[in-house]
Amino acid sequence: MTRIDDTFARLKAEGKKAFVSYIMAGDPDVARSLAVMQGLPGAGVDIIELGLPFTDPMADGEAIQLAGQRALEAGMTLDKTLQMVRAFRAGDAVTPIVLMGYYNPIYSRGVDLFLTQAVEAGIDGLIIVDLPPEEDDELCLPAQKAGMNFIRLATPTTDAKRLPKVLQNTSGFVYYVSVTGITGAAAAQAADVGPEVARIKASTDLPVIVGFGINTPEAARSIAAVADGAVVGSAIVKEIATGKPVAQVLEFVAKLAAGAHSA
C-alpha cells in the first residue's frame with residue numbers, strides 16, 4: 003500500500019471524491035513554488051502532482067509550457083525538484099506526491115539511480131506521458147518494483163482494443179484525459195466524461211481521476227460527480243503566474259477543492 007492507495011481508501015471510507023492539484027516544480031522559483039506546495043494540503047488537496055520541468059513538453063498547453071520555461075530559467079533541475087520534495091516531506095509525511103513529466107530527464111539520470119533518489123525523497127507515483135505501455139520495461143515495472151505507483155493516462159481515443167494494454171501495469175489510479183488535445187485547451191464536459199469513466203471502471207478496480215479542462219469549482223464538482231475525483235492544473239498555474247501572494251493562490255485552490263469534495 004502506497005500513500006496514494008491509503009488516500010483513496012480514506013476518501014472512500016469518508017464518502018468523498020479526490021481533489022488532485024498540479025503545480026510546476028520551481029515556478030516561478032523554488033521558494034515560492036515550495037510555499038505553494040506546502041500550503042496545498044491545508045487548502046484541501048488530497049494528492050499533489052508535481053511537474054518536472056522539461057524543454058519540450060509535448061502534452062502541455064501554453065500555461066504549463068510557460069511555467070516550465072519560468073522554472074528552467076530560474077535554474078530548476080531534477081536534483082532541485084527532488085530537494086523540493088524532501089523539504090515538503092520534512093513537514094508532511096502523509097500527502098501523496100506524484101511526479102508528472104517526460105522520460106528524458108529520468109533517462110539522462112539513469113532509471114536505477116533516479117528511482118533510488120525518488121523513493122528516498124518521498125515521491126509516491128509517476129506519470130510519464132511519453133512512455134507508452136509497450137515500453138513498460140523501461141520505467142514502469144522498475145518503478146513498481148521500487149514501491150512506487152505508475153499512473154497511466156487514458157484518453158477519449160483509448161478504444162476497447164487499446165484499453166486493456168493501458169491498464170495492464172497501471173497502479174494507484176487511472177488518469178482520464180477529458181479532452182482530445184493538450185492541457186488547458188478545452189473545457190471538460192461531465193456528459194461526455196461520465197460514460198467514458200464508466201467504461202474504464204468496468205475494466206479495472208482502480209480509481210479513475212479526470213483531468214484537463216477543469217478550471218472552476220463548479221467544473222470540479224460536476225466532473226468529480228461522475229468520477230472518483232478531479233485534477234486541476236492549468237488554472238492553478240495561471241494563478242501562480244499572475245504573481246499573486248501565495249495565500250491568494252491557496253484560496254483559489256481551496257475553492258476548487260471544495261467543489262470536488264462536494265460532489
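Start counting at 1 in the sequence shown, then tack on 2, and there's your number in the numbering used here.
All residues carry an ideal CB built from backbone N, CA and C; glycine is no exception.
- For Tyr177 against Leu143, the beta-carbon gap comes to about 19 Å, at or over 8 Å, which does not count as contact.
- By the 16-neighbour rule on beta-carbons within 10 angstroms, Val255 is buried.
- In the DSSP assignment, Ile211 falls within the unbroken beta strand (DSSP E) covering Val210 to Gly213.
- Annotation: Arg154 is outside any alpha helix (DSSP H); the continuous beta strand (DSSP E) that includes it extends over Arg154 to Ala156.
- In the three-state DSSP reduction, Gly46 falls in the coil class, being neither helix nor strand.
- If you draw a straight line from the Cα of Val87 to the Cα of Ala15, it is about 28 Å long.
- By DSSP's assignment, Ile99 forms a beta bridge with Ile50.
- In this structure, the beta-carbon distance from Gly53 to Ile66 falls below 8 Å.
- Glu51 and Ser23 do touch by the CB rule: their CB atoms are close to 7 Å apart, below 8 Å.
- For Met86, the secondary structure class from DSSP, reduced to helix, strand or coil, is helix.
- Bounds of the alpha helix (DSSP H) holding Leu143 are Cys142 to Lys147.
- Excluding residues up to 5 positions away in sequence, Leu165, Pro166 and Leu169 lie with their Cβ nearer than 8 Å to the Cβ of Ser205 in the same chain.
- Here the alpha carbon of Ala45 sits roughly 12 Å from the alpha carbon of Val248.
- Distance from the CA of Tyr105 to the CA of Gly124, rounded to the nearest whole angstrom, comes to 19 Å.
- Measuring C-alpha to C-alpha distances from Pro59 to each of Ile49, Ala229 and Gln71 identifies Gln71 as the nearest.
- Around the beta carbon of Val96, a 10 Å sphere encloses fewer than 16 other beta carbons of the protein chains shown; the residue is thus reported as exposed.
- Residue pairing by DSSP places Ile66 opposite no residue, since no beta bridge is assigned to it.
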